[in-house]
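Trainee:
In this note's numbering, the protein residues as written are 5 to 81.
The structure is reproduced here in structure tokens:
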């Protein structure tokens, strides 16, 4: 998994936690931290989370073997 995918995965998890807070407690953590849903920084965070979700969409279509393979333990030639 590339560094970009790892960063995207972390942002996607943050977005999922935020949606869980909204769904269960009607509390938007991103809006609370960055000044409301309409604040510029909040909109940037929401946009980054959305783009991260699209990047991680590719993980659905990777073969299972490719996801499990550890690049550090590849056999030597």
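Every residue gets a Cβ at the ideal spot worked out from N, C-alpha and C, and that includes glycine.
Taking the alpha-carbon of residue 54 as reference, which of 18, 6, 5, 25 has the nearest alpha-carbon?
Mentor: Ranking the options by Cα distance to residue 54, first place goes to 18.
Trainee: In angstroms with no decimal places, state the Cα-to-Cα distance between residue 13 and residue 58.
Mentor: Computed Cα separation, rounded: 10 Å.
Trainee: Helix or strand or just coil, what does DSSP make of residue 46?
Mentor: Helix.
Trainee: Beta carbon of residue 33, beta carbon of residue 39: below 8 Å?
Mentor: No, the pair does not count as a contact, with Cβ atoms beyond the cut-off.
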